[in-house]
Amino acid sequence: MTEHMPEGFLLNTPENIAKLSSKDAIYNCIKTGEIVEAPCIICDSKHNLIVDLGCMRGIIPREDGALGIAEGLTKDIALISRVNKPVCFTVKEITQDEFGNEYAVLSRKEAQTRCRDEFIRKLSAGDVISARVTHLEQFGCFVDIGCGIPSLIPIDLISVSRISHPSDRFSVGMDIKAVIKAFDGDRIFLSHKELLGTWEQNAVLFESGETVTGIARSIEEYGIFVELAPNLAGLAEPRTDISVNQHVSVYIKAIIPEKMKIKLIIVNTADRAIIHESKLNYFISSGHIDRWVYSTEGCPKMIETDFTLL
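FYI, in the working numbering the residues of the sequence shown are 2 to 311.
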């Protein structure tokens with residue numbers, strides 16, 4: 002199986018730069034049919050994409066701009082949104098415009114077709130893949146899973162610790178990992194929380210008696226759920242001076258594995274500006290998952306994902 006990466010991964014690599022360095026190099030791309038990348042600088046009035054190849058310009062005709070455009074299954078916003086971003090493509094030919102200027106005819110659709118046939122259609126539920134965040138909506142995070150092909154991670158599958166918006170966890174352009182949850186024809190459904198570790202894997206990083214930084218994610222009458230890690234939260238006493246997504250310092254009063262509970266005491270609020278925002282800590286970043294069990298042994302509350310049943 003040939004893995005095809007999200008758009009932008011090739012752009013600044015020495016190999017990609019060399020393949021577009023001259024007219025002869027671009028002719029070689031025609032012969033080999035390989036996928037290359039360059040920045041899209043214009044989407045014209047007919048929704049053709051104009052690409053800067055360095056030694057000449059390239060044009061991706063509208064119908065070759067993305068899978069589903071010609072059939073009306075993909076909206077033109079998929080083309081408009083590529084301006085000022087990298088696009089992948091194959092080179093079809095070099096020709097001339099009416100003024101005698103040479104330009105290359107490109108196909109992003111062909112690159113996506115190859116990605117779909119050589120990579121995506123060979124995946125199965127439980128496979129871990131690379132993805133790049135493209136945009137965020139209230140209901141979830143859209144990602145590029147290869148050559149600009151989109152997929153969605155629903156907000157409730159981003160992490161075990163609940164968030165109010167995907168921007169609480171991700172940012173546009175962020176490179177992440179995801180796991181294939183299910184298929185519906187050529188549509189792919191993704192999850193993310195399984196890669197962030199079980200309760201026990203996260204809880205072992207903390208000790209009773211420590212004071213650490215957390216984020217208030219949910220405020221209830223009986224207490225405040227404070228996120229210590231994306232897949233780990235504890236409960237602190239109610240307070241009226243705390244708001245959702247506020248950073249707080251918390252004292253860890255007790256860690257109770259058999260109940261998957263962490264008791265916290267809020268010490269004070271923290272200034273977000275002095276917090277070091279670390280990258281996501283993936284406990285699984287490659288390979289395949291058949292079954293993932295978040296819950297601790299003996300805990301009556303079972304949280305799991307069985308990818309063999311999906």
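All residues carry an ideal CB built from backbone N, CA and C; glycine is no exception.
Under the three-state reduction of DSSP, Glu8 is assigned to coil, being neither helix nor strand.
For the 8 angstroms CB-CB criterion, Ser192 and Leu137 do not form a contact.
Taken atom to atom, the span from the alpha-carbon of Cys30 to that of Val92 is near 6 angstroms. Residue environment: Val37 is assigned as buried (16 or more neighbouring CB atoms within 10 Å of its CB, all protein chains considered). Looking at the backbone, the Cα of His5 and that of Ile121 are separated by about 9 angstroms.
Counting only runs of 3+ residues, the beta strand (DSSP E) found wholly inside the stretch 175-256 occupies 176-185, 188-192, 212-221, 224-230 and 233-237, in chain order.
The three-state reading of DSSP puts Asp98 in coil, since its state is none of H, G, I, E or B.
Per DSSP, Cys44 is not a residue of any alpha helix (DSSP H); the beta strand (DSSP E) it occupies stretches across Val37 to Cys44. Counted as a single uninterrupted DSSP element, the stretch harbouring Pro151 is not any alpha helix (DSSP H) but the beta strand (DSSP E) occupying residues Pro151 to Pro155. Shown here for Thr270: same chain residues with a beta carbon closer than 8 angstroms to its own, the five before and five after excluded, namely Asp242, Ile243, Gln247, His248, Val249 and Ser250 in chain order.
With fewer than three CB-CB distances shorter than 8 angstroms, the stretch 133-152 does not count as touching the stretch 92-105.
According to the DSSP assignment, Asp25 belongs to the alpha helix (DSSP H) that extends over Lys24 to Thr33. Scanning the stretch 62-99 for uninterrupted beta strand (DSSP E) segments of 3 residues or longer gives 87-97, listed from N- to C-terminal end. Here Leu233 is actually not in contact with Asn282; their C-beta atoms are around 11 angstroms apart, not less than 8 angstroms. Nearest to Leu12 by alpha-carbon distance, out of Asp53, Ile164 and Ser165, is Asp53. No Cβ-Cβ contact shorter than 8 angstroms links Leu229 with Lys264. Annotation: Ile18 is outside any beta strand (DSSP E); the continuous alpha helix (DSSP H) that includes it extends over Pro15 to Lys20. Rounded to whole angstroms, the gap between the alpha carbons of Phe207 and Pro62 is 55 angstroms. Annotation: the continuous alpha helix (DSSP H) that includes Arg115 extends over Arg109 to Glu119. In the three-state DSSP reduction, Thr270 falls in the strand class (E or B).
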